[in-house]
Amino acid sequence: MNLDQIRYFLLLADKQHFWQTAEQLELSQSALSRHIQRLEAELGFSLFERTPRQVRLTAAGQLLRTEWGRLLGELDAVHRHARQVSTGEVGSLRIGHIGAAAYGWLPRLLARFTAQYPLVQLDLLEVSATESEHPLLTYQVDVGFWREPATNPALVSEPVFAEQLALVVPQQHWARAETFTSLAALREEFFVLPALTGPSAYVRTLRELFDQYGFQPRGTVTSDFGSTMLHLVAAGLGVSVLPLSYASSPLPGLRFIELPHQSAVYSVWRRADGSAVLRHLLAQARALALE
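Spelled out as structure tokens, the structure:
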């Protein structure tokens with residue numbers, strides 16, 4: 122017994138005529154008759170009552186017509202779903218990201234992606250800059266968007282965009298874009314920053330930036346999370362240097378002054394991952410990077 126024989130049976134059960142069924146299946150009438158006879162022989166009972174003009178289902182045939190029709194419908198649905206999974210139309214993707222990406226670039230990417238692949242489930246995880254590779258290597262996420270290119274040979278990365286950095290000050294602060302000249306003018310200020318002894322790419326960028334202006338920032342509070350730093354600046358605990366994308370934060374009481382410095386963001390994923398969904402997301406990220 123095979124699926125073709127069952128499909129032949131169901132079509133014959135609908136048409137109740139051998140030559141009409143054979144014509145639709147593009148088989149000879151004798152070939153169709155042999156398929157049905159083999160099916161009946163394997164089952165051990167008749168499926169049809171035959172007359173010179175037509176065929177009629179037996180009681181057992183009527184039962185199988187109902188049950189096989191239901192099962193084949195479910196099987197066809199499973200096959201359609203499997204095809205969608207193989208092409209990346211259906212599936213899931215776990216995305217790790219730095220906090221800054223959620224304030225502009227990542228929502229744009231996901232809006233484009235979900236418009237084209239609405240049946241893909243996306244799960245987001247904000248990742249600290251100091252642990253970016255670990256979630257990929259332990260399969261907590263499938264792709265990451267952060268400031269560190271891959272160093273582990275099991276991972277691959279590529280730059281997706283570079284974003285401008287900004288000085289972030291409380292609304293009442295004296296520094297204003299129209300009069301601001303150099304970060305060196307804030308050498309006496311307290312800064313809210315990540316610990317500058319850390320190993321992350323963003324921290325290295327900050328160290329180089331302050332070295333360029335010839336001073337080490339003073340501070341009493343450190344944090345690795347941009348959203349936390351925004352609240353600390355708004356509370357008057359100091360000023361900060363953050364990616365300009367944080368300017369889209371709805372948090373009141375802040376002013377952003379663009380700096381002539383940038384920080385790169387990379388897409389990072391497992392080299393051996395052949396997921397079609399991942400390929401689609403990376404293609405969308407590349408397209409967005411070109412705009």
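Note that the sequence shown covers residues 122 to 412 in our numbering.
For each residue, glycine too, the CB sits at the ideal point set by N, CA and C.
Could you check how far apart the C-beta atoms of residue i and residue j are, in whole angstroms? I think they sit under 8 Å.
{"i": "L230", "j": "Q383", "result": "Actually they do not touch by this definition, with Cβ atoms about 19 Å apart."}
{"i": "A397", "j": "S278", "result": "Actually they are not in contact, since the Cβ atoms of A397 and S278 sit about 20 Å apart, beyond 8 Å."}
{"i": "E210", "j": "L240", "result": "6 Å"}
{"i": "F346", "j": "L365", "result": "Not quite, the Cβ-Cβ distance comes to about 17 Å (not below 8 Å), so this is no contact."}
{"i": "L168", "j": "G182", "result": "4 Å"}
Should residue i go down as buried or exposed, given a rule of 16 or more other Cβ atoms within 10 Å for buried?
{"i": "S361", "result": "buried"}
{"i": "H401", "result": "buried"}
{"i": "E254", "result": "buried"}
{"i": "V199", "result": "exposed"}
{"i": "F451", "result": "Residue 451 cannot be examined here, being either before or after the span of the chain that is shown, 122 to 412."}
{"i": "H156", "result": "buried"}
{"i": "L353", "result": "buried"}
{"i": "T318", "result": "exposed"}
{"i": "R413", "result": "The shown model of the chain, from 122 to 412, leaves out residue 413, and the question about it has no answer."}
{"i": "W140", "result": "exposed"}
{"i": "S370", "result": "buried"}
{"i": "A271", "result": "buried"}
{"i": "R391", "result": "buried"}
{"i": "D263", "result": "buried"}
{"i": "A287", "result": "buried"}
{"i": "P228", "result": "exposed"}
Is residue i near the ligand GTP - that is, is its Cβ less than 7 Å away from at least one heavy atom of it?
{"i": "Q183", "result": "Ligands are entirely absent from the displayed structure, and the ligand GTP is therefore not among its contents."}
Find out if the Cβ-Cβ distance for the pair residue i, residue j is shorter than 8 Å.
{"i": "G340", "j": "F311", "result": "yes"}
{"i": "H218", "j": "W267", "result": "yes"}
{"i": "Q175", "j": "R215", "result": "no"}
{"i": "G265", "j": "V281", "result": "no"}
{"i": "L351", "j": "L327", "result": "no"}
{"i": "P291", "j": "G357", "result": "yes"}
{"i": "L131", "j": "A143", "result": "no"}
{"i": "V342", "j": "V313", "result": "yes"}
{"i": "R159", "j": "Q137", "result": "no"}
{"i": "E379", "j": "Q293", "result": "no"}
{"i": "L276", "j": "L257", "result": "yes"}
On the DSSP bridge assignment, give the partners of residue i in chain order.
{"i": "Q383", "result": "Q285"}
{"i": "V389", "result": "G265 and S278"}
{"i": "H218", "result": "E247 and F266"}
{"i": "G212", "result": "V241"}
{"i": "L314", "result": "T343"}
Length-filtered (3 minimum) beta strand (DSSP E) runs lying within the region 230-306: 241-247, 264-267 and 276-291
Every unbroken alpha helix (DSSP H) within the region 123-191, with a cutoff of 4 residues, ordered by chain: 124-136, 139-146 and 150-164
4 or more residues per run - each alpha helix (DSSP H) lying fully within the region 320-385: Secondary structure remark: continuous alpha helix (DSSP H) runs of at least 4 residues inside the region 320-385, in chain order: 322-334 and 347-355.
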